[in-house]
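The block underneath contains the structure these notes are about, expressed in structure tokens.
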Ligand SMILES: *Cc1c(COP(=O)(O)O)cnc(C)c1O
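Residue numbers (my numbering): 124 to 588.
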């Protein structure tokens, strides 16, 4: 790190912030608020830390929008990328192929026991969702079932921001402005476990939600191509967790009514929920393979947070429905950077770490430490609905207490406590990279609690010890 006088370095932060405000249109941001909430000017990253131009550090408690797995500037991924740079930076994937794409497709198929044995590549999550929707419809059409044109999605589901993905998304804030442009989709009850009535379990909620899905499929299956869902955690809706029973029920209903099941594992895949694919947790004890979906979308963590890459993993039956002498029956979808070798090579380095290191064991230890250190929230009257799965933690601040712009105030207070956090509405969540150790877990919990105290002091004018 180069040493700069703090004043001079702060000036550099401010300069980059101002130039950014002038020319960079930031995503998911009301630009008019940016003078009050200037973007952090990040100069470098190491492990779970981000650092600004004045050397102030911020713990990346949300893995840079859920993409980072093994920290910033990870030595193994860096080395793989540097080696790939000297071999092949990019080549088109129509009419050409390359080792990183082939190996990645093979290794991911292997992780589904060979069930999802074809990989279609794209560059970001939303385009993977577009591909899955188009592929499902087109596959039915190729099988003489062109009437299957409708999609089913869950309340609170999120699948990306492009027009097709938004049509199967149920997050009002992102969707409402574009509603007139969107294709109509069927919305069914979410299995969100927070909806449990007194005496009801998460599994009971899952059964109720599945019953609603069954009724819709019974009535409309001739017209329905696919059900799309986020397995186990509806992340963008506020880290809403649900019982894996729902995945089994959904799989059985999709089989019964000949509807494709699309698992959007863009956020929950790559180990985030405690298994490589969240869907693995739908397996019963002793079952070798879970009841896999028909299409599975992967992005975010697959490159360790390095480069944009997404994939749709597909069953052989669907793949075969496109094989024909006619070009028009093929899946002609493409993106310029489809299967970029650098991105694939980063993904292979990520898979190497899962193959060679005890990633899940380490995460379980870190998760236990973080959950333990968050125990003071158990009897905290300011919060409710604490939930945790794998490397995801969330709690809701009571709406009556949260006050205006809660998420923004919490984010700004987080900065003062060396945290990068971005609550969703009044849901505070942590989704740290997998390099979190037990000491950092304790520190992260302590800073999260201190940030909550700064935003919502327990008693007026008094801070907890
Ligand atoms: C982030 C996300 C997407 C969209 O991915 P982008 O790369 O942001 O387009 C889709 N589905 C889920 C579940 C996501 O979390």
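For each residue, glycine too, the CB sits at the ideal point set by N, CA and C.
With a threshold of 7 Å, establish whether the CB of residue 596 neighbours any heavy atom of ligand 1. Lying before the first or after the last residue shown, residue 596 is absent from the chain, which here runs from 124 to 588.
Can you find at least 3 beta carbon pairs, one from the stretch 449-461 and one from the stretch 181-189, that sit closer than 8 Å? no
Secondary structure, beta strand (DSSP E): runs of 3+ residues fully inside the stretch 200-259: 241-245
Here's a check: name, in chain order, each residue in its chain whose Cβ is nearer than 7 Å to the Cβ of residue 130, leaving out the five neighbours to either side. none
Within the stretch 355-401, note down every full beta strand (DSSP E) run reaching 3 residues or more, in order along the chain. 383-387
For residue 561, collect the residues of the same chain with a Cβ closer than 7 Å to its Cβ; drop the 5 residues on either side in sequence, then sort them by chain order. 488, 489, 492
Closer than 7 Å: is that where the CB of residue 283 sits relative to any heavy atom of ligand 1? yes
Contacting residues, own chain, Cβ-Cβ under 8 Å from residue 403 (five flanking each side not counted): 413
Is the separation between the beta-carbon of residue 313 and that of residue 363 shorter than 8 Å? yes
Tell me the start and end of each unbroken beta strand (DSSP E) in the stretch 472-514 that is at least 3 residues and wholly inside, in chain order. 506-512
Run of the alpha helix (DSSP H) containing residue 189, from where it starts to where it stops: 186-189
Taking one C-beta from the stretch 349-362 and one from the stretch 506-517 each time, how about it: are there three or more such pairs within less than 8 Å? yes
Complete runs of the alpha helix (DSSP H) confined to the stretch 279-356 [at least 4 residues]: 286-290, 295-298, 325-343
I'd like to know if the stretch 338-355 and the stretch 250-261 are in contact, where contact means that at least 3 CB-CB pairs between them fall below 8 Å. yes
The alpha helix (DSSP H) with residue 177 in it runs from where to where? From DSSP, residue 177 is part of no alpha helix (DSSP H); its letter is neither H nor E.
Taking residue 522 as part of the alpha helix (DSSP H), name the residues at either end of that continuous run. 522-525
When you compare the CB positions of residue 240 and residue 249, do they come within less than 8 Å of one another, or not? no
Pick helix, strand or coil for residue 444, following the three-state DSSP scheme. coil
Indicate whether at least one CB of chain B lies closer than 8 Å to the CB of residue 485. The structure shown contains no chain B; it is built from a single protein chain.
Report the partner residues of residue 550 according to the DSSP bridge assignment. 519, 547
Residue 315 Cβ short of 7 Å to ligand 1 heavy atom set: no
Terminal residues of the continuous beta strand (DSSP E) containing residue 532? Looking at the DSSP string, residue 532 is not in any beta strand (DSSP E); the run it does join, the alpha helix (DSSP H), is 529-539.
In the DSSP output, which residue or residues are listed as bridge partners for residue 275? 309, 350
Given this structure, state the Cα-to-Cα distance separating residue 279 from residue 210, to the nearest angstrom. 44 Å
Does DSSP classify residue 198 as helix, strand or coil? helix
By the 10 Å Cβ neighbour count, where 16 or more other Cβ atoms means buried, how is residue 583 classified, buried or exposed? Note on residue 583: pLDDT 46, under 50, position unreliable in the model; the coordinate value appears next. So residue 583 ends up on the exposed side.
I'd like to confirm something about residue 185: is its beta-carbon nearer than 7 Å to some heavy atom of ligand 1, or not? no
Shortest alpha-carbon distance to residue 593 belongs to which of 160, 333, 471, 533? Outside the shown range of the chain, which is 124 to 588, sits residue 593, and nothing can be said about it.
Can you tell me which of 474, 383, 572 puts its alpha carbon nearest to the alpha carbon of residue 425? 474
Can you give, in chain order, each stretch of the beta strand (DSSP E) that sits fully within the stretch 405-450 and has at least 3 residues? 418-421, 433-437
For residue 588, which three-state DSSP category applies? Because the pLDDT of residue 588 is 41, which lies under 50, any placement of that residue in the model is unreliable, and the number read from its coordinates should be weighed accordingly. The answer is coil: DSSP assigns residue 588 none of H, G, I, E or B.
Could you name the residues that DSSP lists as bridge partners for residue 542? 182
Along the beta strand (DSSP E) that carries residue 168, what are the first and last residues, could you check? 165-169
Tell me whether residue 469 sits in a helix, a strand or coil according to DSSP, three-state version. helix
So, residue 217 versus residue 434, is the Cβ gap smaller than 8 Å? no
Considering only the beta carbon of each residue, do residue 324 and residue 512 sit closer than 8 Å? no
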